[in-house]
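A.B. asks: This is the structure I have questions about; it appears just below.
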Amino acid sequence: MKHIKRLVVFVLLFVIVLSPIHTGFSFERKQHDKYMEEVLFKNFKEIQNDNDANRCFKAIGCAAYLTIDQFNDNGQKDLDYLVNEMKIKGLPSNVSEISFNASGTTHRTYTHRGWDFQYVGEMKELWMERKVVLITTVDSLFDFEGNTNKRDSFCALIYYIHILGDHMDDTSYYVKNGLKMDVGGRVDEESIIDELQHHIGILFADQKYTHKYRSLTTTLEKYDNRFGELVRSEGGINSDEKFQEKQELTEDLMKILTMYIPEMLKEEQFFYERFY
506 MKHIKRLVVF
516 VLLFVIVLSP
526 IHTGFSFERK
536 QHDKYMEEVL
546 FKNFKEIQND
556 NDANRCFKAI
566 GCAAYLTIDQ
576 FNDNGQKDLD
586 YLVNEMKIKG
596 LPSNVSEISF
606 NASGTTHRTY
616 THRGWDFQYV
626 GEMKELWMER
636 KVVLITTVDS
646 LFDFEGNTNK
656 RDSFCALIYY
666 IHILGDHMDD
676 TSYYVKNGLK
686 MDVGGRVDEE
696 SIIDELQHHI
706 GILFADQKYT
716 HKYRSLTTTL
726 EKYDNRFGEL
736 VRSEGGINSD
746 EKFQEKQELT
756 EDLMKILTMY
766 IPEMLKEEQF
776 FYERFY
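Here the working numbering is used: the first residue of the sequence shown is 506, the next is one more, and so on.
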């Protein structure tokens, strides 16, 4: 009887220990999808009431996960959805073909350092293969009329929304959850804001002289300067106060994207034809 009680206690403890981990990953996936939905559609489209739009958005979410967050052979259901349900050609049949081994958030070191980051060794070729998953999916869902630069910049936008979301989920300046591209303020211009400026210029090339485009790019520049003041302050982001300021700036940056990007995407033919 004592052995049975001990076994029950052990099983309960095992479940309790594992439950937060499972819930955490589930929450993180849902949160990333929420960020992406808001930046793409905020106040302009309720995709839950549109079956075709919902399927398309789910496909983008699956492809983004497989490209950015997948590791340790997870995500076969996501790949199956793209291949079997959405009938997207040119994707691997098994997730092991693009997978790598990592633990927890350390996987970010191998996929979160920039859309065009030059990895070395095994990850150099693997990152290119993983990017193809998102690029091929997006190419199958939208008609870019042969404009591959616009297609790739749309993929980059999806990518940087995700990385920005990971920064928003940081909890401390001294806890390192894998390496990922900085938000802004770098003199070498290797940051999310700099990359957004670059890809927004390609994605919305036909809107460069509109008030929305100029307002968005000017606002991004202002935030980059504010990040610069923070990261180049004495010691950098080395206190709770500075970390809190960085988090507030990061959250504001995501809100700025949700203010401008949905309306600007609606003006793009490839996006309008698919969702509106």
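Just so you know, even glycine gets a beta-carbon here, dropped at the ideal spot from N, CA and C.
Spatial neighbours of G733 within its chain, please: CB distance less than 6 Å, with the 5 preceding and 5 following residues excluded, ordered by chain position.
C.D. replies: On the sequence shown, residue 733 is found 228 positions in, with the first residue counted as 1. Excluding sequence neighbours, G733 sits near G690.
A.B. asks: When you compare the CB positions of K539 and F780, do they come within less than 9 Å of one another, or not?
C.D. replies: Position 34 of the sequence shown, counting from 1, holds the residue named residue 539. Position 275 of the sequence shown, counting from 1, holds the residue named residue 780. Their beta carbons are not under 9 Å apart, which means K539 does not touch F780 by this criterion.
A.B. asks: Using a threshold of 9 Å, state whether the C-beta atoms of V692 and R737 are closer than that.
C.D. replies: Counting from 1 along the sequence shown, the entry for residue 692 is found at position 187. Counting from 1 along the sequence shown, the entry for residue 737 is found at position 232. With contacts defined as CB atoms closer than 9 Å, V692 and R737 qualify as a contacting pair.
A.B. asks: Counting pairs of Cβ atoms below 8 Å between the region 609 to 625 and the region 649 to 656, do you hit three or more?
C.D. replies: no
A.B. asks: Is it buried or exposed, V625, if we count other Cβ atoms within 10 angstroms and call 16 or more buried?
C.D. replies: Here residue 625 is taken as the residue at index 120 of the sequence shown, counted from 1. Classification for V625: exposed.
A.B. asks: For I663, tell me which candidate among E768, F562, N556 and D555 has the shortest Cα-Cα distance.
C.D. replies: The sequence position of residue 663 within the sequence shown is 158, counting from 1. Checking every option, the nearest Cα to that of I663 belongs to F562.
A.B. asks: Assign W632 to one of three DSSP states: helix, strand, or coil.
C.D. replies: Looking up residue 632 in the sequence shown gives position 127. Helix at W632.
A.B. asks: Should the region 629 to 637 be regarded as contacting the region 594 to 605, the criterion being three or more beta carbon pairs within less than 8 Å?
C.D. replies: yes
A.B. asks: Quick one: what does DSSP say T723 is sitting in, helix, strand or coil?
C.D. replies: Start at 1 with the first residue of the sequence shown, and residue 723 comes out as number 218. Of the three classes helix, strand and coil, the one that applies to T723 here is helix, per DSSP.
A.B. asks: So the alpha helix (DSSP H) S658 belongs to, where does it begin and stop?
C.D. replies: Position 153 of the sequence shown holds residue 658. S658 -> alpha helix (DSSP H) spans T653 to M673.
A.B. asks: Between Y714, L762 and K751, which lies nearest to T724 when the distance is taken from Cα to Cα?
C.D. replies: Along the sequence shown, read from residue 1 onward, the residue named residue 724 stands at position 219. Comparing Cα-Cα distances from T724 to each of Y714, L762 and K751, the minimum goes to L762.
A.B. asks: Label Y714 either buried or exposed according to how many other C-beta atoms from any shown protein chain fall within 10 Å of its C-beta, with 16 as the threshold for buried.
C.D. replies: Along the sequence shown, one-based indexing puts residue 714 at 209. So Y714 counts as exposed.
A.B. asks: Whole angstroms is fine: what's the gap from E694's alpha carbon to D687's?
C.D. replies: The sequence position of residue 694 within the sequence shown is 189, counting from 1. The sequence position of residue 687 within the sequence shown is 182, counting from 1. Each residue's alpha carbon lies about 10 Å from the other.
A.B. asks: Whose C-beta lies closer than 6 Å to the C-beta of Y678 among residues of the same chain, with five residues either side of it excluded?
C.D. replies: Along the sequence shown, read from residue 1 onward, the residue named residue 678 stands at position 173. Excluding sequence neighbours, Y678 sits near I742 and F748.
A.B. asks: Within a Cβ cutoff of 8 Å, which residues of the same chain sit near E768, ignoring the five residues on either side of it in sequence?
C.D. replies: As a position in the sequence shown, residue 768 is number 263, starting the count at 1. Around E768: F549 and K717.
A.B. asks: Using only alpha-carbon positions, find the residue among T611, E542 and L545 that is nearest to N682.
C.D. replies: Numbered from 1 along the sequence shown, position 177 holds the residue referred to as residue 682. Among T611, E542 and L545, the Cα nearest to that of N682 belongs to T611.
A.B. asks: With S658 and H704 assumed to form a contact (beta carbons below 8 Å), what rounded beta-carbon distance in angstroms separates them?
C.D. replies: Counting from one through the sequence shown, the residue named residue 658 turns up at place 153. Counting from one through the sequence shown, the residue named residue 704 turns up at place 199. That pair is a contact at about 4 Å.
A.B. asks: Taking buried to mean at least 16 other C-beta atoms within 10 Å of its own C-beta, is L770 buried or exposed?
C.D. replies: As a first step, residue 770 must be located in the sequence shown, where it is residue number 265. So L770 counts as buried.
A.B. asks: With respect to the alpha helix (DSSP H) encompassing F776, which residues constitute its N-terminal and C-terminal limits?
C.D. replies: Your numbering for residue 776 matches position 271 in the sequence shown. Run containing F776: Q774 to F780, per the alpha helix (DSSP H) assignment.
A.B. asks: As a quick exercise: from Q536, V544 and D557, pick the residue whose alpha carbon is nearest that of E778.
C.D. replies: As a working mapping, residue 778 is identified with position 273 in the sequence shown. Nearest option by C-alpha distance: D557.
A.B. asks: Can you give, in chain order, each stretch of the alpha helix (DSSP H) that sits fully within the region 531 to 618 and has at least 4 residues?
C.D. replies: 556 to 569 and 581 to 585
A.B. asks: Please report how far the alpha carbon of A483 lies from the alpha carbon of D621, in whole angstroms.
C.D. replies: Since the first residue shown for the chain is 506 and the last is 781, residue 483 is missing from the structure and cannot be characterised.
A.B. asks: How is F515 classed by DSSP in three states: helix, strand or coil?
C.D. replies: Walking along the sequence shown from the start, residue 515 turns up at place 10. Because the pLDDT of F515 is 42, which lies under 50, any placement of that residue in the model is unreliable, and the number read from its coordinates should be weighed accordingly. DSSP places F515 in helix when its eight states are reduced to three.
A.B. asks: Closest by CA to I766, which one among T722, K582 and T642?
C.D. replies: Within the sequence shown, residue 766 is the residue found at index 261, counting from 1. Among T722, K582 and T642, the Cα nearest to that of I766 belongs to T722.
A.B. asks: If distances are taken between C-alpha atoms only, which option among G740, E772, L587 and N554 comes closest to A710?
C.D. replies: Position 205 of the sequence shown, counted from the first residue, corresponds to residue 710. Checked all of G740, E772, L587 and N554; the closest Cα to A710 is E772.
A.B. asks: If you compare alpha carbons, which of N599, D757 and A607 is closest to N577?
C.D. replies: On the sequence shown, residue 577 is found 72 positions in, with the first residue counted as 1. Ranking the options by Cα distance to N577, first place goes to A607.
A.B. asks: Where do the N-terminal and C-terminal ends of the alpha helix (DSSP H) with E756 fall, by residue?
C.D. replies: One-based indexing of the sequence shown puts residue 756 at position 251. Run containing E756: D745 to K771, per the alpha helix (DSSP H) assignment.
A.B. asks: Please say whether A564 and L587 have beta carbons closer to each other than 9 Å?
C.D. replies: Taking the first residue of the sequence shown as 1, we reach residue 587 at position 82. Taking the first residue of the sequence shown as 1, we reach residue 564 at position 59. Cβ atoms of L587 and A564: closer than 9 Å.
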